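Input: a single structure, listed below in C-alpha coordinates.
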Amino acid sequence: RTPDAPDMSGVHRVLIIKMSALGDIIHALPVAAALHAAYPRIEISWIVETPFAPLLEGNPTLCEVLEMPKVRGAQSRTTLARRAYLSSLRAVRKRGFDLTLDLQGLTKSAIVAAASRAPVRLGYHWLREGARLVERAIPRQPESVHIVDQYLDVARYLGASPLQPEFPFFISDGDEAAVRAMLMEHSIAEGAPFVAVNPASALPIKQWSPESYARLCEAIQSDLGIRAVLVTADHVVEAQVQAAAHTPIATLAGRTSLKQLAAVLRMSAAHVCGDTGSGHLAAALGRPVVSLVGPTDPDRICPYGQRDLVVSHRELCGSGCEWHHCQYPYPRCLGAVETHEVLSRLRKAIAGEAANELPGQ
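Each residue of the sequence shown is one higher than the one before, counting from 65 in this note's numbering.
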(Lines of atoms letter the chains of each structure in order from A and count residues from 1; the text may use other names and numbers.)
(Lines give C-alpha, C1' and ligand atoms only; values in the text may rest on other atoms or scores of the structure.)
Protein backbone atom coordinates (compact mmCIF):
# COMPACT_ATOMS: atom_id res chain seq x y z
CA ARG A 1 0.00 0.00 0.00
CA THR A 2 1.23 3.50 -0.91
CA PRO A 3 1.82 5.68 2.21
CA ASP A 4 -0.94 8.18 1.34
CA ALA A 5 -3.44 5.45 0.40
CA PRO A 6 -6.48 4.83 2.59
CA ASP A 7 -6.23 2.28 5.39
CA MET A 8 -7.92 -0.73 3.85
CA SER A 9 -8.60 -2.30 7.25
CA GLY A 10 -11.44 0.19 7.63
CA VAL A 11 -12.85 -0.41 4.16
CA HIS A 12 -15.75 -2.84 3.92
CA ARG A 13 -17.59 -1.90 0.73
CA VAL A 14 -16.00 -0.80 -2.56
CA LEU A 15 -17.74 0.40 -5.70
CA ILE A 16 -16.00 0.09 -9.06
CA ILE A 17 -17.40 2.56 -11.58
CA LYS A 18 -16.88 1.43 -15.16
CA MET A 19 -20.10 1.91 -17.05
CA SER A 20 -19.16 1.30 -20.69
CA ALA A 21 -18.17 0.00 -23.21
CA LEU A 22 -17.37 -3.64 -24.00
CA GLY A 23 -13.59 -3.39 -24.33
CA ASP A 24 -13.25 -0.85 -21.54
CA ILE A 25 -15.12 -3.07 -19.10
CA ILE A 26 -12.94 -6.04 -20.04
CA HIS A 27 -9.84 -3.91 -19.43
CA ALA A 28 -11.05 -3.16 -15.91
CA LEU A 29 -11.86 -6.75 -14.85
CA PRO A 30 -8.35 -7.35 -13.41
CA VAL A 31 -8.88 -4.54 -10.89
CA ALA A 32 -11.75 -6.40 -9.23
CA ALA A 33 -9.79 -9.65 -9.36
CA ALA A 34 -6.70 -8.08 -7.79
CA LEU A 35 -8.65 -6.41 -4.98
CA HIS A 36 -10.60 -9.58 -4.26
CA ALA A 37 -7.38 -11.58 -4.01
CA ALA A 38 -5.76 -9.00 -1.73
CA TYR A 39 -8.82 -8.32 0.45
CA PRO A 40 -11.28 -11.26 0.23
CA ARG A 41 -13.34 -9.87 3.13
CA ILE A 42 -14.22 -6.68 1.23
CA GLU A 43 -17.50 -6.57 -0.66
CA ILE A 44 -16.87 -5.34 -4.19
CA SER A 45 -19.75 -3.93 -6.23
CA TRP A 46 -19.63 -2.67 -9.82
CA ILE A 47 -21.95 -0.19 -11.54
CA VAL A 48 -22.38 -0.55 -15.28
CA GLU A 49 -24.77 0.66 -17.97
CA THR A 50 -27.56 -1.86 -18.52
CA PRO A 51 -26.56 -3.00 -22.06
CA PHE A 52 -23.17 -4.13 -20.75
CA ALA A 53 -24.33 -5.71 -17.48
CA PRO A 54 -24.20 -9.28 -18.92
CA LEU A 55 -20.41 -8.95 -19.12
CA LEU A 56 -20.30 -9.05 -15.31
CA GLU A 57 -22.88 -11.78 -14.68
CA GLY A 58 -21.39 -14.64 -12.74
CA ASN A 59 -18.17 -12.77 -11.94
CA PRO A 60 -16.84 -14.50 -8.78
CA THR A 61 -14.97 -11.43 -7.56
CA LEU A 62 -18.12 -9.29 -7.27
CA CYS A 63 -20.81 -9.40 -4.62
CA GLU A 64 -23.18 -7.22 -6.64
CA VAL A 65 -23.69 -5.65 -10.07
CA LEU A 66 -25.62 -2.37 -10.12
CA GLU A 67 -27.13 -1.12 -13.36
CA MET A 68 -27.42 2.40 -14.69
CA PRO A 69 -29.72 3.13 -17.66
CA LYS A 70 -27.93 4.25 -20.78
CA VAL A 71 -29.55 7.47 -21.90
CA ARG A 72 -28.52 9.85 -24.65
CA GLY A 73 -29.86 13.08 -26.08
CA ALA A 74 -33.65 13.20 -26.19
CA GLN A 75 -33.85 9.97 -24.17
CA SER A 76 -32.46 11.74 -21.11
CA ARG A 77 -35.26 14.32 -21.20
CA THR A 78 -38.13 11.88 -20.74
CA THR A 79 -39.72 11.52 -17.33
CA LEU A 80 -39.23 7.75 -17.36
CA ALA A 81 -35.52 8.06 -18.14
CA ARG A 82 -34.97 10.65 -15.41
CA ARG A 83 -36.75 8.48 -12.86
CA ALA A 84 -34.68 5.43 -13.80
CA TYR A 85 -31.47 7.44 -13.62
CA LEU A 86 -32.26 8.96 -10.23
CA SER A 87 -33.36 5.56 -8.93
CA SER A 88 -29.93 4.17 -9.84
CA LEU A 89 -28.19 6.98 -7.99
CA ARG A 90 -30.35 6.39 -4.92
CA ALA A 91 -29.47 2.70 -5.02
CA VAL A 92 -25.78 3.62 -4.99
CA ARG A 93 -26.24 5.99 -2.06
CA LYS A 94 -28.13 3.42 0.01
CA ARG A 95 -25.26 0.93 -0.17
CA GLY A 96 -23.01 2.99 2.10
CA PHE A 97 -19.78 2.52 0.17
CA ASP A 98 -16.52 3.32 1.92
CA LEU A 99 -14.53 3.71 -1.29
CA THR A 100 -15.28 4.34 -4.96
CA LEU A 101 -12.89 3.62 -7.82
CA ASP A 102 -13.72 5.52 -10.98
CA LEU A 103 -12.12 3.73 -13.94
CA GLN A 104 -14.20 5.72 -16.46
CA GLY A 105 -12.90 9.17 -15.58
CA LEU A 106 -15.80 11.17 -17.05
CA THR A 107 -18.52 13.42 -15.68
CA LYS A 108 -21.10 10.62 -15.88
CA SER A 109 -18.99 8.38 -13.67
CA ALA A 110 -18.02 11.22 -11.31
CA ILE A 111 -21.72 11.90 -10.67
CA VAL A 112 -22.08 8.31 -9.48
CA ALA A 113 -19.04 8.67 -7.21
CA ALA A 114 -20.38 11.89 -5.73
CA ALA A 115 -23.85 10.38 -5.25
CA SER A 116 -22.34 7.51 -3.27
CA ARG A 117 -21.13 9.93 -0.57
CA ALA A 118 -18.20 7.59 -0.05
CA PRO A 119 -15.58 9.25 2.15
CA VAL A 120 -12.81 8.20 -0.26
CA ARG A 121 -13.26 8.65 -4.02
CA LEU A 122 -10.37 7.66 -6.26
CA GLY A 123 -9.90 7.38 -10.01
CA TYR A 124 -7.27 6.24 -12.45
CA HIS A 125 -4.77 8.76 -13.73
CA TRP A 126 -6.75 10.13 -16.70
CA LEU A 127 -9.68 11.93 -15.09
CA ARG A 128 -11.49 14.21 -17.57
CA GLU A 129 -14.38 16.61 -17.70
CA GLY A 130 -15.77 17.11 -14.18
CA ALA A 131 -14.21 14.01 -12.63
CA ARG A 132 -11.29 15.84 -11.05
CA LEU A 133 -13.68 18.02 -9.07
CA VAL A 134 -14.94 15.12 -6.94
CA GLU A 135 -12.21 12.47 -7.17
CA ARG A 136 -8.50 12.08 -6.63
CA ALA A 137 -6.48 10.71 -9.53
CA ILE A 138 -3.98 7.93 -8.86
CA PRO A 139 -0.82 8.57 -10.92
CA ARG A 140 0.17 5.83 -13.30
CA GLN A 141 3.49 4.11 -12.96
CA PRO A 142 6.02 4.79 -15.76
CA GLU A 143 6.14 1.12 -16.71
CA SER A 144 2.34 0.92 -17.06
CA VAL A 145 1.83 1.46 -20.78
CA HIS A 146 -1.18 -0.69 -21.58
CA ILE A 147 -4.54 0.55 -20.28
CA VAL A 148 -4.99 -2.72 -18.32
CA ASP A 149 -1.82 -1.98 -16.38
CA GLN A 150 -2.83 1.65 -15.92
CA TYR A 151 -6.09 0.54 -14.31
CA LEU A 152 -4.18 -1.95 -12.16
CA ASP A 153 -2.08 0.92 -10.82
CA VAL A 154 -5.17 1.88 -8.80
CA ALA A 155 -5.34 -1.60 -7.26
CA ARG A 156 -1.59 -1.54 -6.56
CA TYR A 157 -1.97 1.84 -4.89
CA LEU A 158 -4.42 0.20 -2.49
CA GLY A 159 -2.01 -2.62 -1.65
CA ALA A 160 -2.90 -5.33 -4.15
CA SER A 161 0.04 -7.15 -5.76
CA PRO A 162 -1.18 -8.99 -8.85
CA LEU A 163 1.53 -11.03 -10.52
CA GLN A 164 -0.38 -10.80 -13.79
CA PRO A 165 -3.85 -9.57 -14.79
CA GLU A 166 -6.74 -11.97 -14.31
CA PHE A 167 -9.92 -11.65 -16.39
CA PRO A 168 -12.72 -13.54 -14.61
CA PHE A 169 -15.55 -14.19 -17.05
CA PHE A 170 -18.44 -16.65 -16.86
CA ILE A 171 -20.13 -18.32 -19.86
CA SER A 172 -23.07 -20.64 -19.20
CA ASP A 173 -23.48 -24.12 -20.68
CA GLY A 174 -26.68 -22.88 -22.29
CA ASP A 175 -24.91 -20.11 -24.16
CA GLU A 176 -22.23 -22.49 -25.36
CA ALA A 177 -24.86 -24.97 -26.56
CA ALA A 178 -26.71 -22.20 -28.42
CA VAL A 179 -23.52 -21.19 -30.20
CA ARG A 180 -22.67 -24.77 -31.17
CA ALA A 181 -26.13 -25.04 -32.73
CA MET A 182 -25.63 -21.80 -34.67
CA LEU A 183 -22.27 -23.00 -35.98
CA MET A 184 -23.76 -26.33 -37.02
CA GLU A 185 -26.16 -24.39 -39.26
CA HIS A 186 -23.04 -23.46 -41.23
CA SER A 187 -21.71 -27.04 -41.14
CA ILE A 188 -19.06 -26.14 -38.55
CA ALA A 189 -19.04 -29.13 -36.21
CA GLU A 190 -18.06 -29.02 -32.56
CA GLY A 191 -14.28 -28.83 -32.30
CA ALA A 192 -13.78 -27.82 -35.93
CA PRO A 193 -11.38 -24.86 -36.24
CA PHE A 194 -12.65 -21.54 -37.52
CA VAL A 195 -11.59 -17.89 -37.41
CA ALA A 196 -14.06 -15.39 -35.91
CA VAL A 197 -13.94 -12.13 -37.88
CA ASN A 198 -15.42 -8.83 -36.71
CA PRO A 199 -15.25 -6.33 -39.59
CA ALA A 200 -16.91 -3.45 -37.71
CA SER A 201 -15.65 -0.84 -35.27
CA ALA A 202 -17.37 1.94 -33.36
CA LEU A 203 -15.65 4.61 -35.47
CA PRO A 204 -15.18 4.40 -39.26
CA ILE A 205 -11.58 5.57 -38.94
CA LYS A 206 -10.81 2.39 -37.00
CA GLN A 207 -12.31 0.10 -39.63
CA TRP A 208 -10.61 -1.78 -42.46
CA SER A 209 -12.67 -1.70 -45.65
CA PRO A 210 -15.45 -4.28 -46.21
CA GLU A 211 -13.78 -5.28 -49.47
CA SER A 212 -10.57 -6.05 -47.60
CA TYR A 213 -12.40 -8.15 -45.03
CA ALA A 214 -14.15 -10.05 -47.84
CA ARG A 215 -10.78 -10.87 -49.43
CA LEU A 216 -9.42 -11.92 -46.06
CA CYS A 217 -12.32 -14.28 -45.32
CA GLU A 218 -11.87 -15.92 -48.71
CA ALA A 219 -8.12 -16.22 -48.16
CA ILE A 220 -8.63 -17.81 -44.73
CA GLN A 221 -10.47 -20.65 -46.43
CA SER A 222 -8.29 -20.95 -49.53
CA ASP A 223 -4.87 -20.42 -47.90
CA LEU A 224 -5.41 -21.69 -44.35
CA GLY A 225 -8.03 -24.30 -45.11
CA ILE A 226 -10.46 -23.30 -42.36
CA ARG A 227 -13.71 -21.32 -42.25
CA ALA A 228 -14.20 -17.66 -41.44
CA VAL A 229 -17.26 -16.66 -39.40
CA LEU A 230 -18.51 -13.09 -39.19
CA VAL A 231 -19.47 -12.06 -35.64
CA THR A 232 -20.26 -8.37 -35.97
CA ALA A 233 -23.49 -6.88 -34.62
CA ASP A 234 -23.39 -4.25 -37.38
CA HIS A 235 -25.71 -5.51 -40.11
CA VAL A 236 -24.72 -2.72 -42.51
CA VAL A 237 -21.04 -3.63 -42.42
CA GLU A 238 -21.84 -7.33 -42.60
CA ALA A 239 -23.94 -6.75 -45.74
CA GLN A 240 -21.09 -4.77 -47.30
CA VAL A 241 -18.63 -7.59 -46.64
CA GLN A 242 -21.01 -10.20 -48.01
CA ALA A 243 -21.65 -8.07 -51.13
CA ALA A 244 -17.91 -7.85 -51.79
CA ALA A 245 -17.34 -11.59 -51.39
CA HIS A 246 -17.53 -14.04 -54.30
CA THR A 247 -19.35 -16.63 -52.17
CA PRO A 248 -21.42 -16.22 -48.97
CA ILE A 249 -19.44 -16.08 -45.73
CA ALA A 250 -20.69 -17.91 -42.65
CA THR A 251 -22.20 -15.34 -40.32
CA LEU A 252 -23.64 -15.04 -36.84
CA ALA A 253 -24.13 -11.29 -37.25
CA GLY A 254 -26.75 -9.92 -34.88
CA ARG A 255 -27.66 -13.36 -33.54
CA THR A 256 -25.55 -13.55 -30.39
CA SER A 257 -25.88 -12.01 -26.97
CA LEU A 258 -22.72 -10.69 -25.33
CA LYS A 259 -22.21 -13.99 -23.52
CA GLN A 260 -22.83 -15.94 -26.72
CA LEU A 261 -20.33 -13.73 -28.53
CA ALA A 262 -17.86 -14.68 -25.82
CA ALA A 263 -18.66 -18.36 -26.39
CA VAL A 264 -18.02 -17.98 -30.14
CA LEU A 265 -14.69 -16.30 -29.50
CA ARG A 266 -13.61 -18.92 -26.97
CA MET A 267 -14.40 -21.70 -29.45
CA SER A 268 -12.52 -20.03 -32.30
CA ALA A 269 -8.98 -20.86 -33.36
CA ALA A 270 -8.29 -17.12 -33.56
CA HIS A 271 -10.05 -13.78 -33.85
CA VAL A 272 -9.49 -11.00 -36.39
CA CYS A 273 -10.82 -7.50 -35.77
CA GLY A 274 -10.02 -3.83 -35.71
CA ASP A 275 -9.64 -1.63 -32.65
CA THR A 276 -12.87 -2.83 -31.06
CA GLY A 277 -14.24 -4.56 -27.98
CA SER A 278 -14.48 -8.09 -29.33
CA GLY A 279 -10.69 -8.23 -29.58
CA HIS A 280 -10.28 -7.46 -25.89
CA LEU A 281 -12.94 -10.01 -24.98
CA ALA A 282 -11.22 -12.70 -27.04
CA ALA A 283 -7.86 -11.91 -25.43
CA ALA A 284 -9.40 -12.09 -21.96
CA LEU A 285 -10.69 -15.56 -22.86
CA GLY A 286 -7.22 -16.69 -23.88
CA ARG A 287 -7.72 -16.66 -27.62
CA PRO A 288 -5.14 -15.22 -30.05
CA VAL A 289 -6.25 -11.97 -31.66
CA VAL A 290 -4.93 -10.44 -34.87
CA SER A 291 -5.91 -6.80 -34.54
CA LEU A 292 -5.79 -4.19 -37.29
CA VAL A 293 -5.02 -0.95 -35.51
CA GLY A 294 -5.36 2.43 -37.22
CA PRO A 295 -4.52 5.78 -35.63
CA THR A 296 -4.63 4.64 -31.99
CA ASP A 297 -1.55 3.62 -30.01
CA PRO A 298 -1.28 -0.20 -30.18
CA ASP A 299 1.03 -0.35 -27.18
CA ARG A 300 -1.77 1.12 -25.06
CA ILE A 301 -4.89 -0.46 -26.54
CA CYS A 302 -4.00 -3.72 -28.33
CA PRO A 303 -5.56 -6.95 -27.02
CA TYR A 304 -3.62 -7.51 -23.82
CA GLY A 305 -0.41 -9.51 -24.18
CA GLN A 306 -0.67 -9.75 -27.96
CA ARG A 307 1.31 -6.84 -29.30
CA ASP A 308 3.17 -9.08 -31.74
CA LEU A 309 -0.09 -9.98 -33.51
CA VAL A 310 -1.01 -6.35 -34.23
CA VAL A 311 -1.00 -5.04 -37.80
CA SER A 312 -0.34 -1.30 -37.70
CA HIS A 313 0.94 1.35 -40.09
CA ARG A 314 0.75 4.41 -37.86
CA GLU A 315 3.84 5.74 -39.60
CA LEU A 316 1.49 6.77 -42.42
CA CYS A 317 -0.70 8.92 -40.16
CA GLY A 318 -0.52 12.67 -40.65
CA SER A 319 0.25 15.29 -38.03
CA GLY A 320 -3.48 15.97 -37.66
CA CYS A 321 -4.46 12.34 -37.08
CA GLU A 322 -5.67 11.31 -33.62
CA TRP A 323 -7.45 8.26 -32.22
CA HIS A 324 -10.84 9.89 -32.91
CA HIS A 325 -9.97 11.95 -35.98
CA CYS A 326 -8.27 11.32 -39.33
CA GLN A 327 -7.11 14.11 -41.60
CA TYR A 328 -7.59 11.98 -44.72
CA PRO A 329 -10.83 10.89 -46.46
CA TYR A 330 -9.93 7.29 -45.57
CA PRO A 331 -7.23 6.39 -43.03
CA ARG A 332 -3.99 5.80 -44.91
CA CYS A 333 -2.72 3.64 -42.06
CA LEU A 334 -5.54 1.11 -42.48
CA GLY A 335 -5.57 1.42 -46.26
CA ALA A 336 -1.97 0.18 -46.28
CA VAL A 337 -2.84 -3.09 -44.50
CA GLU A 338 -2.43 -6.02 -46.90
CA THR A 339 -4.20 -9.38 -46.75
CA HIS A 340 -0.89 -11.25 -46.61
CA GLU A 341 0.12 -9.34 -43.45
CA VAL A 342 -3.02 -10.46 -41.67
CA LEU A 343 -2.67 -14.04 -42.90
CA SER A 344 0.94 -14.15 -41.73
CA ARG A 345 -0.06 -13.25 -38.21
CA LEU A 346 -3.02 -15.61 -38.33
CA ARG A 347 -0.71 -18.49 -39.16
CA LYS A 348 1.45 -17.58 -36.20
CA ALA A 349 -1.60 -17.29 -33.93
CA ILE A 350 -3.14 -20.59 -34.98
CA ALA A 351 0.20 -22.37 -34.69
CA GLY A 352 0.28 -21.27 -31.05
CA GLU A 353 3.52 -19.32 -31.27
CA ALA A 354 2.03 -16.53 -29.16
CA ALA A 355 0.29 -18.84 -26.67
CA ASN A 356 2.67 -18.13 -23.79
CA GLU A 357 1.62 -14.49 -23.82
CA LEU A 358 -2.14 -14.96 -23.72
CA PRO A 359 -3.64 -13.76 -20.40
CA GLY A 360 -6.62 -16.10 -20.29
CA GLN A 361 -4.66 -19.34 -20.54
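The C-beta atom is built at its ideal place from N, Cα and C for all residues, glycine as well. Predicted model, so just to flag it, every value in this text is computed and none were measured.
Local conformation of Ala-415 per DSSP, three classes: Position 351 of the sequence shown holds residue 415. Coil.
C-alpha gap between Ala-260 and Asp-339, whole angstroms: Along the sequence shown, read from residue 1 onward, the residue named residue 260 stands at position 196. Along the sequence shown, read from residue 1 onward, the residue named residue 339 stands at position 275. The straight-line gap from Cα to Cα measures roughly 15 Å.
Per DSSP, the bridge partner or partners of Ser-376: Along the sequence shown, read from residue 1 onward, the residue named residue 376 stands at position 312. DSSP lists Val-357 as partners of Ser-376.
Ile-365 - DSSP class collapsed to helix/strand/coil: For the purposes of this step, residue 365 is identified with residue 301 of the sequence shown, where counting begins at 1. The answer is helix: DSSP assigns Ile-365 an H, G or I state.
Nonlocal neighbours in the same chain, by C-beta distance under 7 Å from Ser-24, ignoring five residues either side: A question about residue 24 goes unanswered here, because the residues of the chain that appear run from 65 up to 425.
Contact set for Trp-387: own chain, Cβ-Cβ below 6 Å, skip 5 residues either direction: The residue labelled residue 387 in the question sits at position 323 within the sequence shown. Hits under 6 Å: Pro-359 and Thr-360.
Reduced DSSP secondary structure (H/G/I, E/B, other) of Phe-234: Start at 1 with the first residue of the sequence shown, and residue 234 comes out as number 170. It is coil, neither helix nor strand.
Own chain partners of Ser-383 with C-beta closer than 6 Å, once the 5 adjacent residues on each side are dropped: Looking up residue 383 in the sequence shown gives position 319. So no residue of the chain qualifies.
Bridge partners - Cys-127, DSSP secondary structure assignment: Taking the sequence shown and counting its residues from 1, one reaches residue 127 at position 63. Its beta-bridge partners do not exist; DSSP assigns none.
Exposure of Asp-213, with buried meaning 16 or more beta-carbon neighbours within 10 Å: Counted from its first residue, the sequence shown places residue 213 at position 149. Buried is the call here.
Whole-angstrom C-beta distance between Glu-131 and Val-156, which should lie under 8 Å: Position 92 of the sequence shown, counted from the start, is the residue given in the question as residue 156. Position 67 of the sequence shown, counted from the start, is the residue given in the question as residue 131. About 11 Å separates the two Cβ atoms, so there is no contact after all.
Nearest-angstrom Cβ-Cβ length linking Ala-195 and Thr-171, presumed shorter than 8 Å: Numbered from its first residue, the sequence shown carries residue 195 at position 131. Numbered from its first residue, the sequence shown carries residue 171 at position 107. That belief holds up - the Cβ atoms of Ala-195 and Thr-171 are roughly 7 Å apart, short of 8 Å.
Expected contact under 8 Å - CB spacing of Ile-92 and Tyr-221 to nearest Å: Counted from its first residue, the sequence shown places residue 92 at position 28. Counted from its first residue, the sequence shown places residue 221 at position 157. Reading off the sequence shown, one finds Ala at residue 92, where the question assumed Ile. Rounded, the Cβ-Cβ distance is 15 Å, inconsistent with contact.
Ile-290 versus Ile-211 - alpha carbon distance: Locating residue 290 in the sequence shown gives position 226, counting from the first residue. Locating residue 211 in the sequence shown gives position 147, counting from the first residue. C-alpha separation (whole angstroms): 33 Å.
Backbone secondary structure at Met-132 - three-state DSSP: Here the question's residue 132 lines up with position 68 in the sequence shown. Reduced to three states, the DSSP call for Met-132 is strand.
DSSP state of Thr-142 mapped onto helix, strand, coil: On the sequence shown, residue 142 is found 78 positions in, with the first residue counted as 1. Here Thr-142 sits in coil by DSSP.
Under 8 Å between C-beta atoms of Ile-284 and Ala-292: Locating residue 284 in the sequence shown gives position 220, where the first residue counts as 1. Locating residue 292 in the sequence shown gives position 228, where the first residue counts as 1. Result yes, Cβ atoms of Ile-284 and Ala-292 sit closer than 8 Å.
Cβ distance (whole Å) where Ala-334 is taken to contact Val-354 below 8 Å: The residue given as residue 334 occupies position 270 in the sequence shown. The residue given as residue 354 occupies position 290 in the sequence shown. That belief holds up - the Cβ atoms of Ala-334 and Val-354 are roughly 6 Å apart, short of 8 Å.
Distance between Arg-105 and Pro-226 (C-alpha atoms, nearest Å): Reading the sequence shown from its first residue, position 162 is the one you call residue 226. Reading the sequence shown from its first residue, position 41 is the one you call residue 105. About 17 Å.
Integer Cβ distance of Arg-77 from Phe-161, believed to fall under 8 Å: As a first step, residue 77 must be located in the sequence shown, where it is residue number 13. As a first step, residue 161 must be located in the sequence shown, where it is residue number 97. Right, the Cβ-Cβ distance comes to about 5 Å (below 8 Å), so this counts as a contact.
The region 240-254 contacting the region 319-332, beta-carbon criterion three pairs below 8 Å: yes
Beta-carbon proximity of Val-374 to Cys-366, cut-off 8 Å: Your numbering for residue 374 matches position 310 in the sequence shown. Your numbering for residue 366 matches position 302 in the sequence shown. Cβ atoms of Val-374 and Cys-366: closer than 8 Å.
DSSP-derived helix/strand/coil call for Leu-322: The count along the sequence shown starts at 1 and reaches residue 322 at position 258. Three-state DSSP puts Leu-322 in a helix.
Nearest to Leu-167 (by Cα), restricted to the options Ser-180, Arg-185, Ser-151 and Arg-181: Stepping through the sequence shown from its first residue, residue 167 is reached at position 103. Here the closest residue by C-alpha is Arg-185.
Through-space distance from Arg-200 to Val-176, alpha-carbon basis: Taking the sequence shown and counting its residues from 1, one reaches residue 176 at position 112. Taking the sequence shown and counting its residues from 1, one reaches residue 200 at position 136. C-alpha separation (whole angstroms): 14 Å.
Straight-line Cα distance separating Leu-144 from Ser-408: Counting from 1 along the sequence shown, the entry for residue 408 is found at position 344. Counting from 1 along the sequence shown, the entry for residue 144 is found at position 80. Going by the C-alpha atoms only, they are around 52 Å apart.
Same chain only: Cβ atoms within 8 Å of Ala-85, ignoring 5 sequence neighbours per side: Start at 1 with the first residue of the sequence shown, and residue 85 comes out as number 21. Excluding residues within five positions, the ones whose Cβ falls inside 8 Å are Phe-116, Ala-266 and Gly-341.
Spatial distance of Glu-421 from Leu-410 (CA atoms): Reading the sequence shown from its first residue, position 357 is the one you call residue 421. Reading the sequence shown from its first residue, position 346 is the one you call residue 410. Note that Glu-421 scores a pLDDT of 46, beneath 50, so its modelled location is shaky and nothing firm can be said.
Span of the beta strand (DSSP E) around Asp-166: Within the sequence shown, the letter at position 102 stands for residue 166. 163-166 is the span of the beta strand (DSSP E), which, as asked, contains Asp-166.
Ala-101 versus Cys-337 - alpha carbon distance: The residue given as residue 101 occupies position 37 in the sequence shown. The residue given as residue 337 occupies position 273 in the sequence shown. Approximately 32 Å, taken between the alpha carbons.
Beta carbon proximity, Glu-386 to chain C, threshold 8 Å: In summary, chain C is missing from the structure at hand, where a single protein chain is found.
Lys-323 beta carbon less than 8 Å from that of Ser-208: For the purposes of this step, residue 208 is taken as residue 144 along the sequence shown, with counting starting at 1. For the purposes of this step, residue 323 is taken as residue 259 along the sequence shown, with counting starting at 1. Not in contact: Ser-208 and Lys-323 (Cβ atoms no closer than 8 Å).
Whole alpha helix (DSSP H) elements within the region 147-218, 4-residue minimum: 171-180
Proximity below 8 Å, CB of Ala-69 to CB of Gly-223: Along the sequence shown, read from residue 1 onward, the residue named residue 69 stands at position 5. Along the sequence shown, read from residue 1 onward, the residue named residue 223 stands at position 159. Against a cut-off of 8 Å, the Cβ pair of Gly-223 and Ala-69 comes out as a contact.
Rounded Cβ spacing between Leu-349 and Ala-326 (contact assumed at less than 8 Å): The residue labelled residue 349 in the question sits at position 285 within the sequence shown. The residue labelled residue 326 in the question sits at position 262 within the sequence shown. So it is a contact: roughly 6 Å between Cβ atoms.
DSSP-derived helix/strand/coil call for Arg-279: Position 215 of the sequence shown, counting from 1, holds the residue named residue 279. Correct three-state label for Arg-279: helix.
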